[in-house]
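Below you'll find the structure, written out as structure tokens, and then a few comments.
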Ligand SMILES: [Zn+2]
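Numbering (the working numbering), first residue to last: 23 to 323.
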């Protein structure tokens, strides 16, 4: 999994900071997560091939998470896109986008497929043989979902020397990788575990923005390879976090700790703070390791 942070600040674009958008590459897919104003500029800056984006996941309809969507959709049209584009987001997103296209008489010449969401339960949005994407219902001022990206279990790894020594026909190799015991050339049953090793653990990425402190999500995200959790405020502004239904550094860290994730990535910083270093320090008093999202930063998960 490769995660590129395209923008990770809250509220408004600034000359040196972009609001929320991320790109997750996993098993050949390129998933765009949120699409704030300026996202297409960031995609160009980091040399992402637009045509490879086929699925866009929008957490909620606050501008700093989706005001770049209509622009990107429009650019896709100007570039002559033909492939379908799937957009997953809260109920109302279709109306918000299509009204702008309609008034500008700029309908897309490709299929724009909206998947509107209104459930408060986790919903499976995408599923193939390699990866699945499920909503993580969050608690914000408007209807909001995070997203959980999960790799499917990998095949077992052949121990080639052991397979050869066991005198097993090559025609069984794919069955062996699927975990089956097989009969060798001497009609002896070979135990799968003696000729394979465990596959690498499937990776998962939990994206949680925007939300108040919401421990209800913990069971769903437990054991994730990485958790992106918003931390709009430092702990000293707990009152503002409650009022605006955002989280503090310490709350994000408590979620990461309860969910025993491998890595916590913080972002969605309020513009009131001169530096983001204090975010990391505060979170580390509760959980480690912590990384700070930065525009353009790449995480190999
Ligand atoms: Zn918001």
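Just so you know, even glycine gets a beta-carbon here, dropped at the ideal spot from N, CA and C.
Unbroken alpha helix (DSSP H) runs of no fewer than 4 residues, entirely contained in the segment 176 to 241, are found at 182 to 187 and 195 to 199, following chain order. Under a 10 Å Cβ-count criterion, residue 131 is classified as exposed, with fewer than 16 other Cβ atoms of the shown protein chains found around its own Cβ.
For ligand 1, a non-hydrogen atom lies closer than 7 angstroms to the CB of residue 162. Shown here, residue 36 sits in a strand according to DSSP, grouped into three states. Going by beta carbons, residue 236 and residue 169 fall outside the 8 angstroms limit. Relative to ligand 1, the beta carbon of residue 82 is positioned inside 7 angstroms of a heavy atom. Using a C-beta cut-off of 8 angstroms, the segment 127 to 147 makes no contact with the segment 48 to 57, since fewer than three inter-stretch Cβ pairs fall below that distance.
Per the Cβ contact rule, the segment 201 to 211 is not in contact with the segment 91 to 111 (fewer than 3 Cβ pairs under 8 angstroms). Relative to ligand 1, the beta carbon of residue 87 is positioned inside 7 angstroms of a heavy atom.
Distance from the CA of residue 187 to the CA of residue 206, rounded to the nearest whole angstrom, comes to 10 angstroms. With contacts defined as CB atoms closer than 8 angstroms, residue 160 and residue 277 fail to qualify as a contacting pair.
Straight-line spacing of the CA atoms in residue 113 and residue 215 works out to 49 angstroms.
Between residue 288 and residue 314 the beta-carbon gap is near 6 angstroms, inside 8 angstroms, which marks them as a contact. The distance from the Cβ of residue 271 to that of residue 305 is about 5 angstroms, consistent with a contact at the 8 angstroms cut-off.
For residue 152, there is no enclosing beta strand (DSSP E), as DSSP gives it neither H nor E.
Look at residue 309 here: in three-state DSSP terms it is coil, with no helix or strand label. In the three-state DSSP reduction, residue 299 falls in the helix class (H, G or I). Taking the C-beta atoms as reference points, residue 323 is found no nearer than 8 angstroms to residue 309. The Cβ atoms of residue 33 and residue 318 lie no closer than 8 angstroms to each other. Rounded to whole angstroms, residue 307 and residue 297 show a C-alpha spacing of 18 angstroms.
Nearest to residue 61 by C-alpha distance, out of 199, 300 and 30, is 30.
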